[in-house]
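Report on one structure; see the data block that follows.
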Amino acid sequence: MKVVFMGTPDFARESLKAIFDAGFNVLGVVTNEDKKKGRGMKLAYSPVKEFALEEHIAIYQPAKVKNNQEFIEEMKELEPDVICVVAYGKILPKEILEIPKLGCINVHGSLLPKYRGAAPIQWAVLNGDKTTGITTMYMDEGMDTGDMILKKEVEIGENETTGELWDRLAKIGGELLVETLKKVAKGTAPREKQGEDFSMAPMLSKDMAKIDWNKSAVEIKNLVRGLNPIMGAYTHLKGKKIKFWKVEIAKEDELIVENLDFLSNGTVLVSDQRDGLYIKAKDGVIKVLEIQGENGKKMPISDFLRGNKIEEFEVFE
Numbered sequence: 002m003k004v005v006f007m008g009t010p011d012f013a014r015e016s017l018k019a020i021f022d023a024g025f026n027v028l029g030v031v032t033n034e035d036k037k038k039g040r041g042m043k044l045a046y047s048p049v050k051e052f053a054l055e056e057h058i059a060i061y062q063p064a065k066v067k068n069n070q071e072f073i074e075e076m077k078e079l080e081p082d083v084i085c086v087v088a089y090g091k092i093l094p095k096e097i098l099e100i101p102k103l104g105c106i107n108v109h110g111s112l113l114p115k116y117r118g119a120a121p122i123q124w125a126v127l128n129g130d131k132t133t134g135i136t137t138m139y140m141d142e143g144m145d146t147g148d149m150i151l152k153k154e155v156e157i158g159e160n161e162t163t164g165e166l167w168d169r170l171a172k173i174g175g176e177l178l179v180e181t182l183k184k185v186a187k188g189t190a191p192r193e194k195q196g197e198d199f200s201m202a203p204m205l206s207k208d209m210a211k212i213d214w215n216k217s218a219v220e221i222k223n224l225v226r227g228l229n230p231i232m233g234a235y236t237h238l239k240g241k242k243i244k245f246w247k248v249e250i251a252k253e254d255e256l257i258v259e260n261l262d263f264l265s266n267g268t269v270l271v272s273d274q275r276d277g278l279y280i281k282a283k284d285g286v287i288k289v290l291e292i293q294g295e296n297g298k299k300m301p302i303s304d305f306l307r308g309n310k311i312e313e314f315e316v317f318e
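Counting in the numbering used here, the sequence shown runs from 2 upward without gaps.
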């Protein structure tokens, strides 16, 4: 089976590696343009491009795919049996969707039709879901609306971050894509319509990263782990921005503080290098495990409190 692969981040690289190792004939990869990164603003390759270079696979990096007749003609000349799309980052026009005789197949990081859109893995964690998974599907012109092929469900760990779940699902996605392509090649791939009961997973915004201490401890914990490692959830103390990267909900027997109801949400209940940092939320207490001060580095809370003073009964904004 002749395959063209479209993808960009490490999540997509896992799928590309899986189909390459499984022996599928990867004619070329299509990935986003190189981006300048770091203080030196050097051009950085996408993980998919890096793998293609390692394995001497042809690389295409069009600035756009819509109304790009030169690129469309290049894809037609390759005559792929199927195009695999995994976190590519661009919407494919009808002209490209119609090129492969066996269709365009997408690997999506949710159990469709739940979480259509750009950030399905992140929203599953942010919403505190207990399960999620991978869906492979035939692509159409809609946003993740195509007919479903295979699904794989997984449980989300109670303290699992978006980054940890991302890595797990990336490997599962590669495995499921290999299984899907084998069935497509044999003509035995199932095809299931999506129902109308769907939800969306839009791009994340920086505005949502600020912690609202009037929310429940569960909601705050889910925000922190949902934004790890993307941007981190943040709060302010004495005018300085502080990011939380890992937190837990304190157990009832961990600390004894009387008259919690009379304290403002965001109040520091315990701040001690040995015992840790505990902060009051709407209906519980947040225990901070990993923190980052303004212009500082991520570090365990014990290390942070060794060099930074946070007083008990101070209030986070």
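Backbone N, C-alpha and C fix where the C-beta goes; we use that ideal spot for every residue, glycine too. No experiment lies behind these values; they were computed from the predicted model shown.
Q | Beta-bridge partners of Thr236, as assigned by DSSP | A | According to DSSP, Thr236 bridges with Ile243.
Q) Anyone know if the C-beta pair for Lys252 and Leu290 falls short of 8 Å? A) Contact flag unset, no.
Q) Among Val5, Phe25 and Gly174, which has the Cα closest to the Cα of Phe12? A) The option with the nearest alpha carbon to Phe12 is Gly174.
Q: Just mark Lys207 as buried or exposed, buried being the case when its beta carbon has 16 or more other beta carbons within 10 Å.
A: Around the beta carbon of Lys207, fewer than 16 other beta carbons sit within 10 angstroms, so the residue counts as exposed.
Q | Coil, strand or helix - Arg275 by DSSP | A | Assigned with DSSP and collapsed to three states, Arg275 falls in coil, not helix or strand.
Q | Span of the alpha helix (DSSP H), counted from its first residue to its last, around Phe314 | A | For Phe314, there is no enclosing alpha helix (DSSP H), as DSSP marks it with neither H nor E.
**Q.** Cβ-Cβ distance between Ile106 and Met144 below 8 Å
**A.** Met144 is positioned such that its CB atom lies no closer than 8 Å to that of Ile106.
Q.
Is the beta carbon of Val30 closer than 8 Å to that of Ala53?
A. Between Ala53 and Val30, the C-beta spacing is below 8 Å.
(Q) What does the Cβ neighbour count give for His109, buried or exposed, with the cut at 16 atoms within 10 Å? (A) Buried: at least 16 other Cβ atoms inside 10 Å.
Q: Return the CA-CA distance between Pro63 and Asn160, expressed in angstroms with no decimal places.
A: Inter-residue distance for Pro63 and Asn160 is about 39 Å (C-alpha atoms, whole angstroms).
Q.
Looking only at its chain, what residues have a beta carbon closer than 6 Å to the beta carbon of Lys67, apart from the 5 residues adjacent to it on each side?
A. Within the same chain, Lys67 has close Cβ partners Pro94.
**Q.** Sheet register partners of Arg117 (DSSP bridge)
**A.** Note: Arg117 is bridge-paired with Met201 in the DSSP secondary-structure output.
Q: Starting from the C-beta of Pro230, find all residues in its chain whose C-beta is less than 8 Å away, skip the five residues before and the five after it, and write them out in chain order.
A: The beta carbon of Pro230 is closer than 8 Å to those of Thr162, Thr163, Gly164 and Trp246 in its chain, skipping five residues each way along the sequence.
Q: Could you check if Glu312 is buried or exposed, using at least 16 other CB atoms within 10 Å of its CB as the buried criterion?
A: That one is exposed.
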